[in-house]
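In terms of my numbering, the sequence shown is residues 5 to 280.
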Amino acid sequence: MQLYILCHLLNISPESPTFYLLFFGVLFAFYGANWEEGHTHILRCTYTIGGVTFGLTESQWLLISTMCVNGLTNNRFAQITLGEISPSINDTVQSILKTLNLISYFDQKHLIMVEDFRFCTLFIALSSILGWFGFLTCLVNISKICRFQTAIEGILPLIIFTNFYCVALYFSNIALQEPIWVIMIASAFFCLSTTKIIICNLVKVDFSIFDDFHLCLPILISTFAYPLNWMYWRQDEKMLTQILLVMNLSMYFWYVVCCINQITKELGIHCLTIKK
């Protein structure tokens, strides 16, 4: 959600591929870290390259710090461009391109883009790059210690998550005009899948999307609902989206409450009720 808000402030809309590179990077890294823990029994949140340590925690802190600074400056931080920071940025870029013999591949339009580039985007991009690197590292590590079929099964929730968003983009207008609704539906399933992995790691059982597969029904129904509404139903998209959101959130909350009840019963403690 915080990344979506920052992208909105920077005018990076869902129509731009940049939005998805930034948006999915941090999410996939969080999922990948818990997914890898299920196979290695070690939760790795950081990576060290050349003596520099970074990872999921640093990625999140970059986003949170950027939002805090932007809030304290009343949205001014998100509006600062490289041209404001360094008026001679175009001359510097031209000098670098000439040194590399690449000046012929760029025209004045590209230089204007550099000058108008939002400084805040650098922090968001760095956070996303850290996320994507972490997720790819998890993929490599898991592929080394388990069968291909097991690895594919673990990544199915991300495939379902991404597929739903792509379908919503193609078969609805609300995904572009009011993307927060569709993002919340996708996020509900993402949180459910990640929570399920964390619970499986805690109780030392293998994660499988096919165990309690009914948990996936709301997101699958949502995936089919948009094409059917686009071609046949012709109902109000916002009302349909709100119904799908309630359905997905209800499944997520129901799963969390069931997990809490089972844990408290096993431990003999009370969590959601007051002990008499």
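Positions of the beta carbon are idealized from the N, C-alpha and C atoms, including for glycine.
Worksheet item: Roughly how many whole angstroms lie between the Cα atoms of residue 96 and residue 103?
Response: Position 92 of the sequence shown holds residue 96. Position 99 of the sequence shown holds residue 103. Taking C-alpha positions only, residue 96 is separated from residue 103 by approximately 11 Å.
Practice prompt. Enumerate, from N- to C-terminal direction, the unbroken alpha helix (DSSP H) stretches of 4 or more residues contained entirely within the region 141-224.
Written response: Here the runs fully enclosed are 152-175, 178-181 and 183-207.
Item to complete: Would you check if the distance between the CB atom of residue 222 and the CB atom of residue 188 is smaller than 8 Å?
Response: Taking the sequence shown and counting its residues from 1, the one referred to as residue 222 is at position 218. Taking the sequence shown and counting its residues from 1, the one referred to as residue 188 is at position 184. Cβ distance not < 8 Å, so residue 222 and residue 188 don't count as in contact.
Fill in: At least three beta-carbon pairs within less than 8 Å, the region 203-217 to the region 181-195
Between the region 203-217 and the region 181-195 there are fewer than three inter-stretch CB-CB distances shorter than 8 Å, so the stretches are not counted as touching.
Worksheet item: When DSSP labels each residue in this structure, what does residue 77 get in the three-state scheme?
Response: Counting from 1 along the sequence shown, the entry for residue 77 is found at position 73. In the structure shown, residue 77 adopts coil according to DSSP, grouped into three states.
Worksheet item: First and last residue of the alpha helix (DSSP H) that includes residue 268?
Response: Stepping through the sequence shown from its first residue, residue 268 is reached at position 264. Run containing residue 268: 241-271, per the alpha helix (DSSP H) assignment.
Practice prompt. Going by DSSP, name the residue or residues bridged to residue 85.
Written response: As a first step, residue 85 is located in the sequence shown; it is residue number 81 there, counting from the start. The partner list for residue 85 (beta bridge, DSSP) reads 122.
Fill in: Residue closest to residue 122, alpha-carbon to alpha-carbon, out of 167, 98 and 93
The residue you call residue 122 lines up with position 118 of the sequence shown. Residue 93 is the option with its Cα nearest to residue 122.
Worksheet entry | For residue 149, the nearest candidate out of 66, 169, 263 and 39 (CA to CA) | For this step, residue 149 is matched to residue 145 along the sequence shown. Selected option, being the one with the closest Cα: 39.
Worksheet item: Taking C-alpha atoms, which residue in 48, 209 and 75 lies nearest to residue 62?
Response: Within the sequence shown, numbered from 1, the residue matching residue 62 stands at position 58. A check of alpha carbon separations from residue 62 across 48, 209 and 75 identifies 48 as the nearest.
Worksheet item: Between the beta-carbon of residue 168 and the beta-carbon of residue 190, is there less than 8 Å?
Response: Within the sequence shown, residue 168 is the residue found at index 164, counting from 1. Within the sequence shown, residue 190 is the residue found at index 186, counting from 1. Yes, these two residues count as a Cβ contact at 8 Å.
Item to complete: Can you have a look at residue 235 and say buried or exposed, based on whether 16 or more other CB atoms are within 10 angstroms of its CB?
Response: Here residue 235 refers to the residue found at position 231 when the sequence shown is read from its first residue. With fewer than 16 Cβ atoms within 10 Å of its Cβ, residue 235 is classed as exposed.
Worksheet item: With burial defined as no fewer than 16 other Cβ atoms inside 10 Å of the residue's Cβ, what is the status of residue 205: buried or exposed?
Response: Locating residue 205 in the sequence shown gives position 201, counting from the first residue. So residue 205 counts as buried.
Discussion item. Taking the beta carbon of residue 241 as the centre, do at least 16 other beta carbons fall within 10 Å, making it buried, or is it exposed?
Written reply: What you label residue 241 is simply residue 237 of the sequence shown in a count that begins at 1. Within 10 angstroms of the beta-carbon of residue 241 lie 16 or more other beta-carbons, which makes it buried.
Worksheet item: What separation, rounded to the nearest whole angstrom, lies between the Cα atoms of residue 264 and residue 208?
Response: Position 260 of the sequence shown, counted from the first residue, corresponds to residue 264. Position 204 of the sequence shown, counted from the first residue, corresponds to residue 208. Cα to Cα, the separation comes out at about 17 Å.
Worksheet item: Since residue 230 and residue 175 are thought to touch, with beta carbons under 8 Å apart, how far apart are those beta carbons, to the nearest angstrom?
Response: Taking the first residue of the sequence shown as position 1, residue 230 is located at position 226. Taking the first residue of the sequence shown as position 1, residue 175 is located at position 171. Contact flag correct, Cβ pair sits at about 4 Å.
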